[in-house]
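Report on the following structure.
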Amino acid sequence: MSENFDIESIVDQLTLEEACALTHGQDFWRLNGVPRLGVPAGLKITDGPNGARGEDFVGGCTSALFPAGCSLGASFDVKSAIKVGEALARECRSKSAVALLGPTVNIHRHPTGGRNFESYSEDPYLSGVMASGYIQGLQGAGIASVTKHFVCNDSETDRRTVDVIVGEQALREIYLRPFQIAFERAGPRGIMTSYNKASCPMMVLGLCELMVQPMYRSTAGIRAKVSVFLRASFVGSGV
């Protein structure tokens with residue numbers, strides 16, 4: 001598939017069945033395609049931020065383990081983040097993957113956060129800058145970054161059902177800011193949304209145009225593609 005393909009044209013030509021097929025995967029790691037429109041089937045992704053894993057599920061080769069996000073963040077060294085991204089790209093290619101589910105740019109809201117190790121910092125600027133280096137290294141070597149988890153996925157407890165109550169100023173200045181920096185500086189090719197709700201009981205982030213559209217099309221000036229991802233048991237998890 002050419003890098004210059006016209007996504008809008010392809011979407012306009014999809015049948016209902018083809019569009020539905022693109023909203024779920026062939027299996028845990030592989031995507032469906034639309035061969036008649038030049039969209040290949042079986043494109044493979046891998047997870048995640050500190051190692052291209054998943055092959056052990058199918059008897060494949062093992063993965064190299066890279067420093068966790070919190071360790072990279074503590075280094076304050078963007079060049080190291082770039083090198084990790086480049087090395088992970090080589091790992092992805094060894095597994096025939098075209099995209100990596102990372103980096104994680106959520107905030108260390110509490111010291112006991114269950115996914116703190118994946119994220120860089122409690123500081124939104126540092127998080128965004130480190131993520132940008134990681135993405136530049138990864139995508140500069142030909143592997144797409146799927147940056148996650150958009151947004152306010154800063155606690156593991158009840159993450160599939162919790163309603164995050166957050167004010168607009170905190171949302172913009174703390175929780176959205178690292179994503180904005182990453183998109184402006186590095187332009188990740190994908191984004192994974194979070195399961196949690198935000199601010200009101202039935203507002204699922206994966207469907208919330210109020211947050212997705214202004215953030216990535218106006219504030220950041222970038223048109224991001226957001227769609228439902230693979231094995232999500234709730235509609236809010238997307239890529």
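In case it helps, UniProt numbering puts the sequence shown at residues 1 to 239.
Just so it is clear, CB atoms sit at the ideal spot from N, CA and C, and this is done for glycine as well.
Straight-line Cα distance separating R159 from R90: Indexing the sequence shown from 1 puts residue 90 at position 90. Indexing the sequence shown from 1 puts residue 159 at position 159. Cα to Cα, the separation comes out at about 32 Å.
Presumed contact (8 Å Cβ cut-off) between P178 and A144, rounded CB distance: Your numbering for residue 178 matches position 178 in the sequence shown. Your numbering for residue 144 matches position 144 in the sequence shown. No, P178 and A144 are not in contact; Cβ-Cβ is about 19 Å, not under 8 Å.
For R30, the residue or residues it bridges with in DSSP: Against the sequence shown, residue 30 aligns to sequence position 30. Answer is K44, bridged to R30.
Element boundaries [beta strand (DSSP E), containing A144]: Here residue 144 is taken as the residue at index 144 of the sequence shown, counted from 1. That run of the beta strand (DSSP E) goes A144 to F150.
Minimum C-alpha distance to S155 - residue among R172, Q136 and V105: Locating residue 155 in the sequence shown gives position 155, where the first residue counts as 1. That would be V105, whose Cα lies nearest to the Cα of S155.
Cβ-based burial, S96 [other Cβ within 10 Å; buried from 16]: If you number the sequence shown from 1, residue 96 lands on position 96. It counts as exposed.
Coil, strand or helix - L176 by DSSP: Sequence index remark: in the sequence shown, residue 176 carries index 176 (1-based). Reduced to three states, the DSSP call for L176 is coil.
Top-ranked residue by Cα proximity to H149, from S71, E118, V39 and V34: By 1-based counting over the sequence shown, the position of residue 149 is 149. Ranking S71, E118, V39 and V34 by Cα distance to H149 puts E118 first.
Neighbour-count burial assignment, P40, 16 or more Cβ in a 10 Å radius: Residue numbering aside, residue 40 sits at position 40 when the sequence shown is read from its first letter. It counts as exposed.
Buried/exposed call for H24, threshold 16 Cβ in 10 Å: In the sequence shown, counting from the first residue as 1, residue 24 sits at position 24. Classification for H24: exposed.
T157 classed as buried or exposed, judged by whether at least 16 other C-beta atoms fall within 10 angstroms: The count along the sequence shown starts at 1 and reaches residue 157 at position 157. Per the 10 Å Cβ criterion, exposed.
Where S9 sits in the DSSP three-state scheme: Position 9 of the sequence shown, counting from 1, holds the residue named residue 9. In this structure, S9 counts as helix in the three-state DSSP scheme.
Sufficient close CB pairs (3 or more, under 8 Å) joining the segment 28-37 to the segment 77-85: no
Cα-Cα separation, C92 to A52: Looking up residue 92 in the sequence shown gives position 92. Looking up residue 52 in the sequence shown gives position 52. C-alpha separation (whole angstroms): 6 Å.
Exposure label - Y125; buried when at least 16 CB within 10 Å: Your numbering for residue 125 matches position 125 in the sequence shown. Result: exposed.
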